[in-house]
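J.:
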Amino acid sequence: MEEKMNHKRRKKKSNIVKTKRIDRKEMPRNNFYNEAFAKTRPQYLATQLISLITHVLSVILALLIQQFIDVGIDQGSNALWGLVPYAVIYLIVNLLANLIEGKVLNCYVKNTMSQLKMTILSRIFKMPMKRYKLNPTGTYISALSNDMNTIDLDYIRGGILTVSKIVMIFTGFALMIYINWILTLIVLFLSLVPVLISSKYNQKLQEQQKTVSKENGVFTSFVKDVLSGYSVINSFNIEEEILNQASTKIDKQEGSKEKYELNFNSLMALTTTSTIAIVLVVFILGAWFTIKGLMTTGSIFAFIQLLNNVTAPINEVITGISKRHAAKGILDKYTQIFDEEEEFQIKEDKGEINSGIKLRNVSFKYEENGENILQNITLDLDSGKQYAVVGLSGSGKSTFLDLISGSYEWYEGDIYLDDIQLREISDESLAELFSHVEQDTFVFDDTIEENIKLYKEWPQDQFEQVLEDACLKEVIKEKGSITARVGEGGGQLSGGEKQRVSIARALLKDSPVLIMDEATSALDKKTSLEVENNISKRKNTLRISITHKLDPEILKNFDAIIMMNNGEITEFGRFDELVNSKGDFYSLYRINELQEDKK
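If you count the sequence shown from 1, position 448 lands on 448 in my numbering, and the numbers rise without skipping.
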């Protein structure tokens, strides 16, 4: 079985041709703004147009009022009632315009927000691991959750309404100048009808808001899962599969919001039209009273209506511009994250490792003025061999593994994969060449099977073999089926069971290099030994494994032990050699023995 799996891997790798290419990180890309908003720009123009129409209609109302009153005064009641059909037509047009505006606006917002979220997710998954780590995970979570509400209300919707209100203000001023008089009038609004309409919609809106909240929670949990498992997604190249899942969840989330907003807009359209109807009734009656000598001319009422359409929007425009400017600052932050470092660098594809990994005088520090975490490391790691990395906490073990797998480029010295500098190898190739099993295991809220296969198809015999090697068959039997769900955060699995799932997925990927960081720390001694023995039989895999379990039965399986202390490799050799030399490793081993004896 082992030979068959190795043959498949060699066959797979041989199809990859070494070519010079531009690394994914350095490829020219569309500006973030263009990618996020260009597709919905025609919708923006249509939405802005219908919004302008509805706001201009509110100004035109003043002219309709003036006509009613002036005609009533000059031409009598017959002519006045002859204008009533025009009022009815206006109400219908205004209602339709507001309903259409709501439909178009919410459709535009849904599509724009969906495109924005997918653009952010896509940009995140296209980031090499080294760039992803430059920002805390919370930055990405905030970009897809808290920030979205601000962008929705203040940038997208606010942008549409601000432009419309500016046009409304200038139109109102123009008509007021045309009328050329100023008077004061108190207009009473009858509010009973809007209140009754509102009570009819309240229950439905409450239920839909609950659905919106639920879908927001589902999407937030999904985002938390996928970002926590970024290294798994990047290493196994399943960005497209995850983005497909993301697209479905985003559609549900934005669809629930769209339904809520459509009903809310219908409510607003009906209440606004009802309010306008009340105003018209008041002015029609006022015109009638004017005919009887009890009211002033229609121009007075028209001016007051125009005044209402100017004073309130001025404050709204000032507030809206401030909010939109603040929201644009959030989008500028995304641009800094995703569009920076647009320089070109030629990198090379590499499909296999023949001789191994070589480090020559390698030193590393996280910050320019910081202390070295690793110092003057020179080491050969031969392909097909297995190495254990040991040392006290803080000795640089995890940084050492991160460095040789390409997580950082700002190191001193040279690291070679075969005869190629690590810095010159494309990020896609590094993701294929290395498999990772970490101490803090990540699992998706899905089945055991999908957490191992990661949404890809694999030969069944290869899949069965990794279940055996990771000691998972007993776990599957206990859970009832390989299709048993693991729960959010793997809540249905123990720590050891999650580690075995992680080991199985890494073995299934069958990369030339297997990186393990305390990968069996949660397993009992018997299971840990069995898993280690199974992995040690994979002769064509270069394995580098950090371990705190200094069990002789496990350590004797490794071709060499790398002893680290204060960022340096102080000893290198087989288990028996290091014990007999009675150096740093022997001291660490004896301390571990004494601690085990006390348990």
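Every residue gets a Cβ at the ideal spot worked out from N, C-alpha and C, and that includes glycine.
Since we're looking at a predicted model, the values are computed, not measured.
Give the secondary structure of PHE364 by DSSP, where H, G and I count as helix, E and B as strand, and everything else as coil.
T.: As a position in the sequence shown, residue 364 is number 364, starting the count at 1. In the structure shown, PHE364 sits in a strand (DSSP, three-state: E or B).
J.: State the Cα-Cα distance for the pair LEU433 and VAL486, rounded to the nearest angstrom.
T.: Your numbering for residue 433 matches position 433 in the sequence shown. Your numbering for residue 486 matches position 486 in the sequence shown. The straight-line gap from Cα to Cα measures roughly 28 Å.
J.: I'd like the list of long-range same chain contacts for MET129, defined as Cβ closer than 6 Å, with 5 residues on each side in sequence excluded.
T.: Position 129 of the sequence shown holds residue 129. Correct list, in chain order: ASN234, SER407.
J.: For LEU64, which three-state DSSP category applies?
T.: On the sequence shown, position 64 is the one that residue 64 refers to. Looking at LEU64 - three-state DSSP - the assignment turns out to be helix.
J.: Below 7 Å CB to CB, which residues in the same chain sit around GLU341 once its five sequence neighbours on both sides are set aside?
T.: Your numbering for residue 341 matches position 341 in the sequence shown. At GLU341 the pLDDT is 48, less than 50, meaning the model places this residue with poor confidence; the figure from the coordinates comes in the next sentence. There are no such residues.
J.: Does the structure place the region 48 to 61 close enough to the region 92 to 106 that three or more beta carbon pairs sit under 8 Å?
T.: yes
J.: With burial defined as no fewer than 16 other Cβ atoms inside 10 Å of the residue's Cβ, what is the status of THR335: buried or exposed?
T.: Taking the first residue of the sequence shown as position 1, residue 335 is located at position 335. Exposed, since its Cβ has fewer than 16 Cβ neighbours within 10 Å.
J.: What number of angstroms, rounded off, separates the C-alpha of MET27 from the C-alpha of ASP427?
T.: Indexing the sequence shown from 1 puts residue 27 at position 27. Indexing the sequence shown from 1 puts residue 427 at position 427. Because the pLDDT of MET27 is 40, which lies under 50, any placement of that residue in the model is unreliable, and the number read from its coordinates should be weighed accordingly. Each residue's Cα considered, the two are about 12 Å apart.
J.: Cα separation between PHE364 and TYR411?
T.: By 1-based counting over the sequence shown, the position of residue 364 is 364. By 1-based counting over the sequence shown, the position of residue 411 is 411. C-alpha separation (whole angstroms): 5 Å.
J.: Apart from the five residues on each side of it in sequence, which residues of its chain come closer than 7 Å, Cβ to Cβ, to GLN499?
T.: Mapped onto the sequence shown, residue 499 falls at position 499. THR441, ALA519, THR520, ALA522, LEU523, listed in sequence order.
J.: Relative to the C-alpha of GLU438, which candidate in TYR178, TYR586, TYR230 has its C-alpha closest?
T.: Translated into the one-based positions of the sequence shown, residue 438 becomes position 438. Selected option, being the one with the closest Cα: TYR230.
J.: Could you check whether ASN111 and GLN66 sit closer than 8 Å to each other, using their CB atoms as the reference points?
T.: Residue numbering aside, residue 66 sits at position 66 when the sequence shown is read from its first letter. Residue numbering aside, residue 111 sits at position 111 when the sequence shown is read from its first letter. Not a contact, by the Cβ cut-off of 8 Å.
J.: Which stretch, first to last residue, makes up the beta strand (DSSP E) that contains PHE400?
T.: The sequence position of residue 400 within the sequence shown is 400, counting from 1. Not the beta strand (DSSP E): PHE400 falls in the alpha helix (DSSP H), residues 397 to 404.
J.: So what's MET618 in DSSP terms, helix, strand or just coil?
T.: What the structure shows of the chain is the stretch from 1 to 599, and residue 618 is not part of that stretch, so it cannot be assessed.
J.: Need the endpoints of the beta strand (DSSP E) that ARG543 sits in, please.
T.: Counted from its first residue, the sequence shown places residue 543 at position 543. Where ARG543 is concerned, the enclosing beta strand (DSSP E) stretches over 542 to 546.
J.: By how many angstroms is the C-alpha of PHE558 removed from the C-alpha of LYS537?
T.: Residue numbering aside, residue 537 sits at position 537 when the sequence shown is read from its first letter. Residue numbering aside, residue 558 sits at position 558 when the sequence shown is read from its first letter. Going from the Cα of LYS537 to the Cα of PHE558 covers about 11 Å.
J.: Which of the three DSSP states, helix, strand or coil, is assigned to LYS537?
T.: Sequence index remark: in the sequence shown, residue 537 carries index 537 (1-based). Here LYS537 sits in coil by DSSP.
J.: Between the C-alpha atoms of ALA269 and VAL88, what's the straight-line distance to the nearest angstrom?
T.: As a working note, residue 269 is residue 269 in the sequence shown. As a working note, residue 88 is residue 88 in the sequence shown. Cα to Cα, ALA269 sits roughly 16 Å from VAL88.
J.: Measure the C-alpha to C-alpha separation of ASP225 and ILE242 and round it to an integer number of angstroms.
T.: The count along the sequence shown starts at 1 and reaches residue 225 at position 225. The count along the sequence shown starts at 1 and reaches residue 242 at position 242. If I take the Cα positions, the gap works out to 11 Å.
J.: When you measure from the CB of MET113 to every non-hydrogen atom of the ligand ZN, does any distance come out below 7 Å?
T.: Ligands displayed in this structure: none; no statement on the ligand ZN is therefore possible.
J.: Using a 10 Å radius around the Cβ and a threshold of 16 neighbouring Cβ atoms, would you call PHE585 buried or exposed?
T.: Residue mapping note: residue 585 aligns to position 585 of the sequence shown, counting from 1. So PHE585 ends up on the buried side.
J.: For LYS333, which option in ALA143, ASP446, ASP551 has the closest C-alpha, if you only look at C-alpha atoms?
T.: If you number the sequence shown from 1, residue 333 lands on position 333. The residue with the shortest Cα to Cα distance from LYS333 is ALA143.
J.: State the CB to CB distance for the pair PHE118 and ILE238, rounded to an integer number of angstroms; the pair is presumed to be in contact (CB under 8 Å).
T.: Here residue 118 corresponds to residue number 118 of the sequence shown, with the count starting at 1. Here residue 238 corresponds to residue number 238 of the sequence shown, with the count starting at 1. Checking the displayed sequence, the identity of residue 118 turns out to be Met instead of Phe. Between ILE238 and MET118 the Cβ distance is about 16 Å, and since that is not below 8 Å, they are no contact.
J.: Looking only at its own chain, which residues have a Cβ that is under 8 Å from the Cβ of GLU449, when we skip the five neighbours before and after it?
T.: Your numbering for residue 449 matches position 449 in the sequence shown. Leaving aside the five residues that flank GLU449 on each side, the residues in its chain whose CB is nearer than 8 Å to its CB run, in chain order, ILE482, THR483.
J.: With GLU258 and ASN106 assumed to form a contact (beta carbons below 8 Å), what rounded beta-carbon distance in angstroms separates them?
T.: Translated into positions along the sequence shown, residue 258 becomes position 258. Translated into positions along the sequence shown, residue 106 becomes position 106. Sure, about 5 Å apart at Cβ, within 8 Å.
J.: Excluding the 5 residues flanking SER528 on each side, which residues of the same chain have their C-beta closer than 6 Å to its C-beta?
T.: The residue labelled residue 528 in the question sits at position 528 within the sequence shown. Correct list, in chain order: THR520.
J.: Between GLU343 and ARG423, what straight-line distance do the alpha-carbon atoms span, to the nearest angstrom?
T.: If you number the sequence shown from 1, residue 343 lands on position 343. If you number the sequence shown from 1, residue 423 lands on position 423. Since pLDDT at GLU343 reaches only 44, below the 50 mark, its modelled position is unreliable, and the value read off the structure follows with that caveat. Cα to Cα, the separation comes out at about 15 Å.
J.: Kindly identify the DSSP beta-bridge partner or partners of GLU568.
T.: By 1-based counting over the sequence shown, the position of residue 568 is 568. BP columns for GLU568 point to ASN565.
J.: Would VAL531 and ALA470 be called neighbours here (beta carbons separated by less than 8 Å)?
T.: What you label residue 531 is simply residue 531 of the sequence shown in a count that begins at 1. What you label residue 470 is simply residue 470 of the sequence shown in a count that begins at 1. Against a cut-off of 8 Å, the Cβ pair of ALA470 and VAL531 comes out as a contact.
J.: If you measure between the beta carbons of ALA504 and LEU467, is that distance less than 8 Å?
T.: Here residue 504 corresponds to residue number 504 of the sequence shown, with the count starting at 1. Here residue 467 corresponds to residue number 467 of the sequence shown, with the count starting at 1. Contact flag set, yes.
J.: Smallest Cα separation from HIS436: which of THR273, GLY172, SER511, ASP382?
T.: For this step, residue 436 is matched to residue 436 along the sequence shown. Checking every option, the nearest Cα to that of HIS436 belongs to SER511.
J.: So, with DSSP's three-state summary, where would you put ASN135?
T.: For the purposes of this step, residue 135 is identified with residue 135 of the sequence shown, where counting begins at 1. Three-state DSSP puts ASN135 in coil, outside helix and strand.
J.: Would you check if the distance between the CB atom of ALA560 and the CB atom of TYR387 is smaller than 8 Å?
T.: On the sequence shown, residue 560 is found 560 positions in, with the first residue counted as 1. On the sequence shown, residue 387 is found 387 positions in, with the first residue counted as 1. Yes. Within cutoff.
J.: Give the straight-line distance between the Cα atoms of SER393 and TYR589, rounded to the nearest whole angstrom.
T.: By 1-based counting over the sequence shown, the position of residue 393 is 393. By 1-based counting over the sequence shown, the position of residue 589 is 589. Distance between the alpha carbons of SER393 and TYR589: 14 Å.
J.: LEU417 to GLN48, Cα distance in whole Å?
T.: Within the sequence shown, the letter at position 417 stands for residue 417. Within the sequence shown, the letter at position 48 stands for residue 48. The alpha-carbon atoms of LEU417 and GLN48 are separated by roughly 56 Å.
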